[in-house]
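Asks:
What follows is the structure, encoded as structure tokens:
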């Protein structure tokens, strides 16, 4: 079911100030037609402000917003042709699921028969066929959010905006629904901006992830590139887990725990550094003569994590196969080996 051809979205040098606070500080991002970009960052980084600025719900102090090459910076929200899904489902409690989906079509003076056909089509798309006569209180949280998604898509918007739509759901439903949203977005082919503070959601759903801090863009890249080649310490530590280990940098590599680790672009290039090493780059082996000691071991289903204390007191997190968790108990001596996987280094 193709909604319409995806459009290009350009956010150019966006500025938004609240007194001394710079909610947006020159933010520039471009979304390709049909692309899903996730804005990722901690609370207060400006990601929701950016989404609201695109929606026309936030006044800008500077910069431009363009959709399909047309500037809409000062256009009112109801003229922007955006579909929006919020964290709170925002369904009308006195309307059925189908009537909620029809709501935007009714405002656009679409005839009753066409409204019903369109609503049924989008309820089927979000896997709610046959539930159109139910009221919101008769639906689960995940089902209510599916109705909200169907309502946003039914009007045929040029751009879909998702403002932390999964954060009110429990973990299992959240995981299922993020896969469904991605399937639907790809099937419809709509350009989508998705705001989240959850790195797992961003990495699982997005074509590209834009990490924000203090109103600025730290890095935007495909999920694998962002994880494997972070350009800044903030990106490395916000996207995934990292160990900070002391080392000495020289000639494009750092010596850390007797291992030579290649350094990523943007790393400190010489002298004492802190190297940000991923847990999966740490190998542990039980060894009575080992220089580290197990603090705790955790079974996490598909993987396990073991925390160890180095001789200098540094705590280190290692990722191990789940079947190996039982090999490590509190107080056990272990040997630590680092894989020669490229990492980011910052000045110590």
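In this note's numbering, the protein residues as written are -4 to 343. Ideal Cβ positions, reconstructed from N, Cα and C, are used throughout, including at glycine.
(1) For a quick check, are the C-beta atoms of residue 260 and residue 229 less than 8 Å apart?
(2) Give the secondary structure of residue 44 by DSSP, where H, G and I count as helix, E and B as strand, and everything else as coil.
(3) Express the C-alpha separation of residue 172 and residue 154 in angstroms, rounding to a whole number.
(4) Does the Cβ of residue 42 have 16 or more other Cβ atoms within 10 Å, making it buried, or fewer, making it exposed?
(5) Residues in its own chain within less than 6 Å of residue 283 by CB, not counting five upstream and five downstream?
(6) If you run the structure through DSSP and keep just helix, strand and coil, what is residue 287?
(7) For residue 38 and residue 148, I'd like the C-alpha separation in whole angstroms.
(8) Taking buried to mean at least 16 other C-beta atoms within 10 Å of its own C-beta, is residue 266 buried or exposed?
(9) Which runs of the alpha helix (DSSP H) at least 4 residues long sit entirely within the segment 159 to 219? Give them in chain order.
(10) Between residue 58 and residue 9, how many whole angstroms is the CB-CB distance? I'm expecting something under 8 Å.
(11) Using 8 Å as the threshold, is the segment 198 to 217 in touch with the segment 56 to 75, meaning 3 or more CB pairs across them?
(12) Which class does residue 50 belong to by DSSP, given the choice of helix, strand or coil?
(13) Give the DSSP bridge partners of residue 257, in chain order.
(14) What is the residue span of the beta strand (DSSP E) that residue 68 lies within?
(15) For residue 20, which three-state DSSP category applies?
(16) Which first and last residues belong to the alpha helix (DSSP H) in which residue 278 is found?
(17) According to the neighbour-count rule (16 or more other Cβ atoms, all chains shown, within 10 Å of its Cβ), is residue 16 buried or exposed?
(18) Taking the C-alpha atoms as reference points, what is the distance between residue 263 and residue 206?
(19) Which value, in whole angstroms, describes the spacing of the CA atoms of residue 65 and residue 101?
(20) Determine, using beta carbons only, whether residue 28 and residue 80 come nearer to each other than 8 Å.
(21) Just mark residue 11 as buried or exposed, buried being the case when its beta carbon has 16 or more other beta carbons within 10 Å.
(22) Please report the residue range of the beta strand (DSSP E) in which residue 13 lies.
(23) Considering only residues of the segment 74 to 147, which uninterrupted alpha helix (DSSP H) runs meet the minimum length of 4 residues and lie entirely inside it, listed in chain order?
(24) Near residue 315, which residues of its chain fall below 6 Å by C-beta distance, leaving aside the five closest residues on each side in sequence?
(25) Using only CA atoms, which one of 73, 63, 189 lies nearest to residue 36?
(26) Which residue's Cα is closest to the Cα of residue 120: 208, 181, 248?
(27) Can you tell me whether DSSP reads residue 340 as helix, strand or coil?
(28) Per DSSP, what kind of secondary structure is residue 323 in: helix, strand or coil?
(29) Use the C-beta contact count for residue 166: other C-beta atoms within 10 angstroms, 16 or more gives buried, fewer gives exposed.
(30) Is it buried or exposed for residue 194, if we count other Cβ within 10 angstroms and need 16 for buried?
(31) Using the rule of at least 16 other Cβ atoms within 10 Å of the residue's Cβ for burial, across every protein chain shown, is residue 135 buried or exposed?
(32) Go through its chain and collect everything with a Cβ distance to residue 337's Cβ below 6 Å, but skip five positions before and after it.
Replies: Reading from the atomic positions:
(1) Position 265 of the chain shown holds residue 260. Position 234 of the chain shown holds residue 229. Contact: no.
(2) The residue given as residue 44 occupies position 49 in the chain shown. It is helical.
(3) Here residue 154 refers to the residue found at position 159 of the chain shown. Here residue 172 refers to the residue found at position 177 of the chain shown. Spanning the two alpha carbons is a distance of roughly 20 Å.
(4) Residue numbering aside, residue 42 sits at position 47 when the chain shown is read from its first letter. Residue 42 should be labelled buried.
(5) Position 288 of the chain shown, counted from the first residue, corresponds to residue 283. The residues are 328.
(6) By 1-based counting over the chain shown, the position of residue 287 is 292. Of the three classes helix, strand and coil, the one that applies to residue 287 here is strand, per DSSP.
(7) Within the chain shown, residue 38 is the residue found at index 43, counting from 1. Within the chain shown, residue 148 is the residue found at index 153, counting from 1. Distance between the alpha carbons of residue 38 and residue 148 is about 27 Å.
(8) Here residue 266 corresponds to residue number 271 of the chain shown, with the count starting at 1. Result: exposed.
(9) 166 to 183, 194 to 200
(10) By one-based count along the chain shown, residue 58 stands at place 63. By one-based count along the chain shown, residue 9 stands at place 14. Indeed, because the Cβ distance is near 4 Å, the residues count as touching under 8 Å.
(11) no
(12) Start at 1 with the first residue of the chain shown, and residue 50 comes out as number 55. Three-state result, residue 50: helix.
(13) As a working mapping, residue 257 is identified with position 262 in the chain shown. Bridge partners of residue 257: 248.
(14) Within the chain shown, residue 68 is the residue found at index 73, counting from 1. Unbroken run through residue 68: none, as it is neither H nor E.
(15) The residue labelled residue 20 in the question sits at position 25 within the chain shown. Looking at residue 20 - three-state DSSP - the assignment turns out to be strand.
(16) Within the chain shown, the letter at position 283 stands for residue 278. First-last for residue 278: 277 to 281, but that is the beta strand (DSSP E), not the alpha helix (DSSP H).
(17) Counting from one through the chain shown, the residue named residue 16 turns up at place 21. By the neighbour-count rule (16 or more Cβ atoms within 10 Å), residue 16 is not buried but exposed.
(18) If you number the chain shown from 1, residue 263 lands on position 268. If you number the chain shown from 1, residue 206 lands on position 211. Each residue's Cα considered, the two are about 21 Å apart.
(19) Sequence index remark: in the chain shown, residue 65 carries index 70 (1-based). Sequence index remark: in the chain shown, residue 101 carries index 106 (1-based). Rounded to the nearest angstrom, the two C-alpha atoms are 27 Å apart.
(20) Your numbering for residue 28 matches position 33 in the chain shown. Your numbering for residue 80 matches position 85 in the chain shown. Contact flag unset, no.
(21) By one-based count along the chain shown, residue 11 stands at place 16. With 16 or more Cβ atoms within 10 Å of its Cβ, residue 11 is classed as buried.
(22) Here residue 13 is taken as the residue at index 18 of the chain shown, counted from 1. Start and end: 4 to 13.
(23) 92 to 102, 107 to 120
(24) Within the chain shown, the letter at position 320 stands for residue 315. Excluding positions up to five away in sequence, the list reads 299, 301.
(25) Here the question's residue 36 lines up with position 41 in the chain shown. Nearest of 73, 63, 189 to residue 36, Cα basis: 189.
(26) Counted from its first residue, the chain shown places residue 120 at position 125. Checking every option, the nearest Cα to that of residue 120 belongs to 181.
(27) Taking the first residue of the chain shown as 1, we reach residue 340 at position 345. Looking at residue 340 - three-state DSSP - the assignment turns out to be strand.
(28) Looking up residue 323 in the chain shown gives position 328. Of the three classes helix, strand and coil, the one that applies to residue 323 here is coil, per DSSP.
(29) For the purposes of this step, residue 166 is taken as residue 171 along the chain shown, with counting starting at 1. Burial call: exposed.
(30) On the chain shown, position 199 is the one that residue 194 refers to. Classification of residue 194: buried, given that the 10 Å Cβ count is 16 or more.
(31) Position 140 of the chain shown, counted from the start, is the residue given in the question as residue 135. By the 10 Å Cβ count, residue 135 comes out exposed.
(32) The sequence position of residue 337 within the chain shown is 342, counting from 1. Within the same chain, residue 337 has close Cβ partners 257, 259.
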